[in-house]
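Protein chains in written order, with the working numbering: chain A, 144 to 324; chain B, 175 to 357.
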């Protein structure tokens with residue numbers, strides 16, 4: 144009989160040990176840090192610049208994009224910029240870096256509507272694009288938040304139509320960059 | 175069966191994490207690019223510097239009436255096969271009647287003739303040209319790959335109108351239309 148006592152004790156304490164493993168309800172803290180973020184999508188992967196007539200009117204076109212932004216509540220800011228990362232190719236045509244006439248420009252103006260909250264300041268165009276520096280498209284104030292679907296925006300281009308350009312097709316690449324802090 | 179389900183949980187978790195990050199990426203990226211394309215075609219345009227050209231005679235011995243019309247032209251012709259022309263036409267003959275006329279002058283030899291000056295890359299018309307109300311006449315021509323400056327290049331037409339004694343005294347006006355084209 145004595146030899147069965149340890150077994151009996153084990154059977155009795157087993158349920159007690161189970162009870163120490165937890166309860167029927169538990170809680171867990173979910174911690175989330177929402178940081179400032181920014182993103183954009185370009186809808187117009189190819190922006191065609193055209194001249195409406197034959198009297199050397201500037202070549203114009205529009206690039207559409209959507210921005211998503213969240214800046215820090217207090218003291219935050221953000222910006223959208225653009226830069227000509229690849230100049231027009233082909234000698235004799237338009238060029239942002241070294242145009243045939245000094246006054247030739249690839250200018251743009253900005254349409255950047257307000258976000259869901261905060262402040263959005265579009266560029267006051269026309270601005271002149273550059274191959275060496277990013278130029279302003281829009282800036283964001285503190286606590287600026289776009290809707291989840293983003294905010295549809297655009298840049299309207301105006302390229303000088305210089306008679307010195309040789310006839311032909313020319314291509315440049317523009318890189319848009321968005322940031323938030 | 176239960177065991178198999180439990181084994182699947184880690185894979186489902188990984189799948190969830192992967193798809194969650196993909197869903198995040200759909201909102202955009204911090205940079206985006208657009209390719210800006212432009213096709214530069216042959217074009218031509220001009221501005222008339224003096225909208226009104228006064229023809230005057232220097233004496234009282236029926237010397238021709240002369241004057242000059244200046245213009246600025248802009249041109250770009252196609253690189254290898256292009257060409258361009260600069261022409262003029264008397265689109266409204268002198269009025270009122272009784273005076274000079276390009277279409278029906280009082281004397282058969284009366285004419286409104288002109289000579290041309292066209293800065294490079296243009297080639298000016300040669301000699302004296304007789305203007306017409308029915309046909310465009312040459313002022314200048316351009317070859318392939320011709321380019322004016324952005325500010326334009328200068329050209330001018332020097333007029334000479336016969337001073338026919340048959341003209342009644344008075345003031346007369348005609349309209350001349352200049353046309354430039356490029357291919």
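Even for Gly, the Cβ is constructed at its ideal location relative to N, Cα and C.
>> Against residue 208 of chain A, what residues of chain B qualify as contacts under a CB-to-CB distance less than 7 Å, listed in chain order?
In response: Start at 1 with the first residue of the first chain, and residue 208 of chain A comes out as number 65. By Cβ distance, chain B contributes 206.
>> With DSSP as the reference, identify every bridge partner of residue 186 of chain A, one or two as the case may be.
In response: Against the first chain, residue 186 of chain A aligns to sequence position 43. DSSP, once it has assigned bridges, lists no residue as partnering residue 186 of chain A.
> Cβ of residue 221 of chain A within 8 Å of Cβ of residue 324 of chain A?
Replying inline: As a working note, residue 221 of chain A is residue 78 in the first chain. As a working note, residue 324 of chain A is residue 181 in the first chain. Residue 324 of chain A sits close to residue 221 of chain A, with the two beta carbons spaced by under 8 Å.
> Of all the CB atoms in chain B, is at least one closer than 8 Å to the CB of residue 312 of chain A?
Replying inline: Numbered from 1 along the first chain, position 169 holds the residue referred to as residue 312 of chain A. Taking Cβ atoms only, chain B reaches closer than 8 Å to residue 312 of chain A, which makes this a yes.
>> Are the CB atoms of residue 215 of chain A and residue 258 of chain A within a distance shorter than 8 Å?
In response: Stepping through the first chain from its first residue, residue 258 of chain A is reached at position 115. Stepping through the first chain from its first residue, residue 215 of chain A is reached at position 72. Taking 8 Å as the Cβ cut-off, residue 258 of chain A and residue 215 of chain A do not qualify as a contacting pair.
> Given a limit of 7 Å on CB to CB distance, which residues of the segment 178–203 of chain A reach chain B?
Replying inline: The residues in question are 181, 182, 183, 184, 185, 187, 188, 189, 190, 191, 192, 197, 198, 199 and 202.
> Does any residue of chain B bring its CB to less than 8 Å from the CB of residue 214 of chain A?
Replying inline: The residue you call residue 214 of chain A lines up with position 71 of the first chain. Chain B has no Cβ within less than 8 Å of the Cβ of residue 214 of chain A.
> According to the neighbour-count rule (16 or more other Cβ atoms, all chains shown, within 10 Å of its Cβ), is residue 169 of chain A buried or exposed?
Replying inline: The residue labelled residue 169 of chain A in the question sits at position 26 within the first chain. Residue burial is scored here from C-beta neighbours: residue 169 of chain A has fewer than 16 other C-beta atoms within 10 angstroms and is therefore classed as exposed.
> Among B/209, B/252, B/229 and B/342, which residue has its Cα nearest to the Cα of residue 217 of chain B?
Replying inline: Indexing the second chain from 1 puts residue 217 of chain B at position 43. Comparing Cα-Cα distances from residue 217 of chain B to each of B/209, B/252, B/229 and B/342, the minimum goes to B/252.
>> Determine, for residue 278 of chain B, whether the minimum Cβ-Cβ distance to residues of chain A falls below 8 Å.
In response: On the second chain, residue 278 of chain B is found 104 positions in, with the first residue counted as 1. Closer than 8 Å: no.
> What does residue 216 of chain B reach in chain A if we use C-beta pairs closer than 9 Å?
Replying inline: Stepping through the second chain from its first residue, residue 216 of chain B is reached at position 42. The contacting residues are 197 and 310.
>> Helix, strand or coil for residue 358 of chain B? Go by DSSP, reduced to three states.
In response: The structure shown does not extend to residue 358 of chain B, since chain B spans only 175 to 357, so no value can be given for it.
>> In the DSSP assignment, the beta strand (DSSP E) including residue 295 of chain A goes from what residue to what residue?
In response: If you number the first chain from 1, residue 295 of chain A lands on position 152. Residue 295 of chain A -> beta strand (DSSP E) spans 294–302.
>> Does chain B have any CB closer than 8 Å to the CB of residue 230 of chain A?
In response: As a first step, residue 230 of chain A is located in the first chain; it is residue number 87 there, counting from the start. Put simply, the CB of residue 230 of chain A is far from chain B, with every gap to its CB atoms at 8 Å or more.
>> If I follow the unbroken beta strand (DSSP E) through residue 308 of chain A, where does it start and stop?
In response: For this step, residue 308 of chain A is matched to residue 165 along the first chain. Element bounds for residue 308 of chain A: n/a, residue is neither H nor E.
>> Which residue wins for smallest C-alpha separation from residue 316 of chain A, given the options A/189, A/299, A/180 and A/254?
In response: Counting from one through the first chain, the residue named residue 316 of chain A turns up at place 173. The shortest C-alpha separation from residue 316 of chain A is found at A/189.
> Quick one: what does DSSP say residue 201 of chain B is sitting in, helix, strand or coil?
Replying inline: The residue you call residue 201 of chain B lines up with position 27 of the second chain. Coil, per DSSP.
> How many angstroms separate the CA atom of residue 186 of chain A from the CA atom of residue 208 of chain A?
Replying inline: Counted from its first residue, the first chain places residue 186 of chain A at position 43. Counted from its first residue, the first chain places residue 208 of chain A at position 65. Their backbone Cα atoms lie some 5 Å apart in a straight line.
>> Against chain A, with Cβ distances strictly below 8 Å, would residue 316 of chain B count as a contact?
In response: Here the question's residue 316 of chain B lines up with position 142 in the second chain. No, no contact with chain A.
> Going along the chain, which residues of its own chain have a beta-carbon closer than 6 Å to the beta-carbon of residue 353 of chain B, five neighbours each way excluded?
Replying inline: Indexing the second chain from 1 puts residue 353 of chain B at position 179. 261.
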